[in-house]
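Inspection log for the structure reproduced underneath, given as structure tokens.
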Amino acid sequence: MITTATLISGLAQGLIWAIMTLGVYITFRILDIADLTVEGSFPLGAAVTAVLINGGMHPVLAVFMAILAGCAAGLVTGIFHTIFKIPAILSGILTMIALYSVNIRIMSDKATVAIVQPSVKKLMQNLLPEGTPSNTISIVLGVIVCLAIVALLYYFFGTEIGCAVRATGSNQNMARSLGVRTDRIIILGLMISNALVALSGSLIAQLDYGSALVTMGQGTIVIGLASVIIGEVIFIRKDRNFAIKLIAIIAGAIIYRTIIACALTFSFLKATDLKIITAIIVSIALALPVIKQSIAERKLRAENAKRFETEFLNADMGGEHVA
Amino acid sequence: MLIWEVSTLLNMMHIEKSFNIGTINEKKVLNDLSLTINDGDFITVIGGNGAGKSTMLNTIAGVYKVDGGRILLDGQDITYKSETDRAQYIGRVFQDPMMGTAPTMMIEENLAMAYRRTKKRGLGWGISAKEREIYRQALAQLGLGLEDRMSTKVGLLSGGQRQAVTLLMATLQKPKLLLLDEHTAALDPATSAKVLELSDKIIKENNLTALMVTHNMQNAIDYGNRLVMMNGGRIILDISGEEKKRLTIEDLLKKFESVSGGKFTTDSVLLG
Chain A
1 MITTATLISG LAQGLIWAIM TLGVYITFRI LDIADLTVEG SFPLGAAVTA VLINGGMHPV
61 LAVFMAILAG CAAGLVTGIF HTIFKIPAIL SGILTMIALY SVNIRIMSDK ATVAIVQPSV
121 KKLMQNLLPE GTPSNTISIV LGVIVCLAIV ALLYYFFGTE IGCAVRATGS NQNMARSLGV
181 RTDRIIILGL MISNALVALS GSLIAQLDYG SALVTMGQGT IVIGLASVII GEVIFIRKDR
241 NFAIKLIAII AGAIIYRTII ACALTFSFLK ATDLKIITAI IVSIALALPV IKQSIAERKL
301 RAENAKRFET EFLNADMGGE HVA
Chain B
1 MLIWEVSTLL NMMHIEKSFN IGTINEKKVL NDLSLTINDG DFITVIGGNG AGKSTMLNTI
61 AGVYKVDGGR ILLDGQDITY KSETDRAQYI GRVFQDPMMG TAPTMMIEEN LAMAYRRTKK
121 RGLGWGISAK EREIYRQALA QLGLGLEDRM STKVGLLSGG QRQAVTLLMA TLQKPKLLLL
181 DEHTAALDPA TSAKVLELSD KIIKENNLTA LMVTHNMQNA IDYGNRLVMM NGGRIILDIS
241 GEEKKRLTIE DLLKKFESVS GGKFTTDSVL LG
């Protein structure tokens, strides 16, 4: 049964996952790179946060460290890609694979680390009225963080350096000819993207899972892409303002999470079916333009064929109809 | 210590460039190439396919690093400076109209990128209201009505319009040297003529020093104050002043045959 609770949980999770989606949007849409590093930087953010909080660090500082760790992951992929000219996809895969070992090292050879010390969730609980439901906490924090990130990204991509990032993603050759150090710009973009992904992982670990799991990154890129595409398909018309685009991406993440939450209420689906549902959503969304085009073409051909028969054929053949 | 005349802008000395070095496909493209460009020169460059014209421009721009020789720009050794470092002195327009502009960005954003070619980019706004007025006026000079479409994505423009915008972008901040690499070759004849006229006008009005590669001999004769012909990776002919004005296509072909000892191979050179 799809209940209000299901929808609220979709909203709560969606807002936190949206931070990761914004990161994926930066690489996938602005830099034109499908960056698989995110599969590793998402649990990296969670692992760093969990271990540091348990070690006694203030949760806000721990989140900040997770962001820095994400930057480092992006830096490594960026160096592989720009300095050593390894294709972007492969660079991401290399960092992702390496991060699996790194994450387990960070978590002292464990696959799961429960957050036992007060986390950001606890801080929020202290701020909000007593007995505020967990989902509400996520929603409040999610809205604040998402809006702050949208504001920051909106500002950043309007600056000279931000424009250089967009130009590099659009046409590297042009950017270089205008004096943009495209290598550094790509590295910067990957760092910002992975910082957001790590932040998302850090918050998911604290608000949702209550622990860091080494496997929690599986499928991150596909979830991110699914959310980006859903957001674009539903909300974005051609020349929308950049801030609206970012908000549409957040909405995409929320819708994606809600779809998943609803799908899981069907008794014939298991939690482990989540991945195939995601894969199906992304495949359909990516195939949609091709399908649309093909339908439109067929329609046009059929119309023209009819016109050909009624107008030209009869005239050319002296009125005789040729079957 | 090297000494040269003050009026010399670019000095290419004994440039060597090969591709696929160390492989079976190794090919020497520039072979002891030397060229001196004076301040205010508008040089047209002709030559058959594989003569090294584009490679010469790309070594000046820093896209390729040379294997030997020296390149001096305004007295400064730029032989091993990066493409991005050289961008502050050099404006470029490419053969492919898609190469010089960012299609997903607006016309004004593209111009704003070009406006900052000579500057270090920071966290200030990428475009200001004051600049927009400069761009509007610059676009109006093109006579294409683009000044009223400044927030149109460049990807929606035609090849000719994009090439005109690229030309404007290359000269928005006056470059020491403008490199035009067959920049009208991909356009239809009418548009090609228009963009060529525009290039000439911009070069003259701003007193630019320019190097223009073309496959059209008549254009090479009609435009600029100097004409160089390339073959086998070096300059085989360098004509300027009155002598250039009197040139005909037949003269060029004859000269080519006498200097190179062969025939011009490509029809496109003749037919343009």
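Keeping their order, the protein sequence lines are chains A and B. Quick note, in the numbering used here, the first sequence goes up one by one and the last residue is 323. Quick note, in the numbering used here, the second sequence goes up one by one and the last residue is 272. Every residue, glycine too, gets a C-beta built ideally from N, C-alpha and C. Note that the structure is predicted; figures quoted are calculated from it, not measured.
Where the beta strand (DSSP E) containing residue i begins and where it ends
{"i": "D32/B", "result": "27 to 38"}
{"i": "E160/A", "result": "Per DSSP, E160/A belongs to no beta strand (DSSP E); it is in the alpha helix (DSSP H), 160 to 170."}
{"i": "V289/B", "result": "Residue 289/B cannot be examined here, being either before or after the span of chain B that is shown, 1 to 272."}
{"i": "G69/B", "result": "68 to 73"}
{"i": "R226/B", "result": "226 to 231"}
{"i": "R257/A", "result": "Taken as a continuous stretch (DSSP letters only), R257/A belongs to no beta strand (DSSP E), being part of the alpha helix (DSSP H) at 242 to 263."}
{"i": "T44/B", "result": "42 to 47"}
{"i": "I30/A", "result": "Element bounds for I30/A: n/a, residue is neither H nor E."}
{"i": "V113/A", "result": "112 to 114"}
Length of the line joining the Cα atoms of residue i and residue j
{"i": "A72/A", "j": "S200/A", "result": "16 Å"}
{"i": "I33/A", "j": "F312/A", "result": "49 Å"}
{"i": "D200/B", "j": "V143/A", "result": "56 Å"}
{"i": "L147/A", "j": "A164/B", "result": "40 Å"}
{"i": "F156/A", "j": "R105/A", "result": "34 Å"}
{"i": "P103/B", "j": "S170/A", "result": "6 Å"}
{"i": "G224/B", "j": "L57/B", "result": "17 Å"}
{"i": "S268/B", "j": "G78/A", "result": "Per-residue confidence for S268/B stands at a pLDDT of 46, beneath the threshold of 50, marking its modelled position as unreliable; no derived number is given."}
{"i": "V228/A", "j": "G252/A", "result": "6 Å"}
{"i": "Q173/B", "j": "Q95/B", "result": "21 Å"}
{"i": "F376/A", "j": "M98/B", "result": "Since the first residue shown for chain A is 1 and the last is 323, residue 376/A is missing from the structure and cannot be characterised."}
{"i": "D35/A", "j": "Y25/A", "result": "10 Å"}
{"i": "M212/B", "j": "G47/B", "result": "12 Å"}
{"i": "A51/B", "j": "M105/B", "result": "36 Å"}
{"i": "L31/A", "j": "K17/B", "result": "32 Å"}
{"i": "G272/B", "j": "E182/B", "result": "Summary for G272/B: the model assigns pLDDT 43, below 50, so the residue's position carries little reliability; its value from the coordinates is reported in the next sentence. About 11 Å."}
{"i": "L180/B", "j": "T101/B", "result": "15 Å"}
{"i": "I60/B", "j": "K81/B", "result": "10 Å"}
{"i": "F80/A", "j": "V38/A", "result": "15 Å"}
{"i": "F19/B", "j": "G69/B", "result": "16 Å"}
{"i": "F308/A", "j": "A302/A", "result": "10 Å"}
{"i": "G10/A", "j": "E130/A", "result": "23 Å"}
{"i": "A271/A", "j": "A129/B", "result": "53 Å"}
Residue closest to residue i, alpha-carbon to alpha-carbon, out of the options
{"i": "D251/B", "options": "I43/B, I221/B, V63/B", "result": "I221/B"}
{"i": "G155/B", "options": "E108/B, M212/B, T84/B, T118/B", "result": "E108/B"}
{"i": "I21/B", "options": "L9/B, I37/B, V66/B, S7/B", "result": "V66/B"}
{"i": "V197/A", "options": "T4/A, M20/A, I104/A", "result": "M20/A"}
{"i": "E83/B", "options": "I134/B, Y64/B, L72/B, A185/B", "result": "Y64/B"}
{"i": "V145/A", "options": "V113/A, M124/A, L188/A", "result": "M124/A"}
{"i": "L207/A", "options": "S138/A, I277/A, K85/A, I284/A", "result": "S138/A"}
{"i": "P118/A", "options": "P59/A, S108/A, P43/A", "result": "P59/A"}
{"i": "V259/B", "options": "T248/B, D238/B, R246/B", "result": "D238/B"}
{"i": "P133/A", "options": "A12/A, D273/A, V282/A", "result": "A12/A"}
{"i": "W125/B", "options": "T159/A, T182/A, D109/A, A167/A", "result": "T159/A"}
{"i": "Y115/B", "options": "Y80/B, E242/B, P175/B", "result": "P175/B"}
{"i": "M96/A", "options": "R301/A, T278/A, I281/A, Q218/A", "result": "Q218/A"}
{"i": "L157/B", "options": "G241/B, N110/B, L196/B, L177/B", "result": "N110/B"}
{"i": "V45/B", "options": "L253/B, R246/B, N216/B", "result": "N216/B"}
{"i": "R121/B", "options": "G92/A, D183/A, G162/A", "result": "G162/A"}
{"i": "I203/B", "options": "N11/B, L177/B, L247/B, R162/B", "result": "L177/B"}
{"i": "I8/A", "options": "T27/A, M174/A, N135/A, N173/A", "result": "N135/A"}
Supposed close pair residue i, residue j - CB separation, criterion 8 Å
{"i": "L203/A", "j": "I89/A", "result": "That belief does not hold up - the Cβ atoms of L203/A and I89/A are roughly 27 Å apart, past 8 Å."}
{"i": "M150/B", "j": "R136/B", "result": "7 Å"}
{"i": "Y256/A", "j": "I223/A", "result": "7 Å"}
{"i": "T209/B", "j": "L9/B", "result": "5 Å"}
{"i": "F242/A", "j": "Y154/A", "result": "6 Å"}
{"i": "T4/A", "j": "C262/A", "result": "Contact flag wrong, Cβ pair sits at about 12 Å."}
{"i": "A66/A", "j": "V113/A", "result": "13 Å between Cβ atoms; not a contact."}
{"i": "I2/A", "j": "T182/A", "result": "Between T182/A and I2/A the Cβ distance is about 47 Å, and since that is not below 8 Å, they are no contact."}
Interface flag, residue i vs chain C, CB-CB below 8 Å
{"i": "C163/A", "result": "Of the chains in the structure shown, none is chain C; the protein chains are A and B."}
Span of the alpha helix (DSSP H), counted from its first residue to its last, around residue i
{"i": "E16/B", "result": "Segment 8 to 19 is the beta strand (DSSP E) holding E16/B; no alpha helix (DSSP H) there."}
{"i": "R298/A", "result": "274 to 307"}
{"i": "A46/A", "result": "38 to 54"}
{"i": "G160/B", "result": "159 to 172"}
{"i": "A138/B", "result": "129 to 142"}
{"i": "A73/A", "result": "59 to 82"}
{"i": "S192/B", "result": "189 to 205"}
{"i": "A220/B", "result": "217 to 222"}
Residue i beta carbon near the ligand NAP (any heavy atom closer than 7 Å)
{"i": "Q163/B", "result": "This structure simply doesn't include the ligand NAP, nor any ligand for that matter."}
Problem set entry | Meets three-Cβ-pair contact criterion under 8 Å: the region 31 to 41 of chain B and the region 226 to 235 of chain B | yes
For this session: Could you say if the region 86 to 94 of chain B and the region 167 to 186 of chain B meet the contact criterion of at least three C-beta pairs nearer than 8 Å?
Result: Judged by Cβ distances under 8 Å, the region 86 to 94 of chain B makes contact with the region 167 to 186 of chain B, as three or more pairs qualify.
Exercise. Pairing CB atoms from the region 49 to 65 of chain A with CB atoms from the region 285 to 292 of chain A, are three or more of them under 8 Å?
Worked result: no
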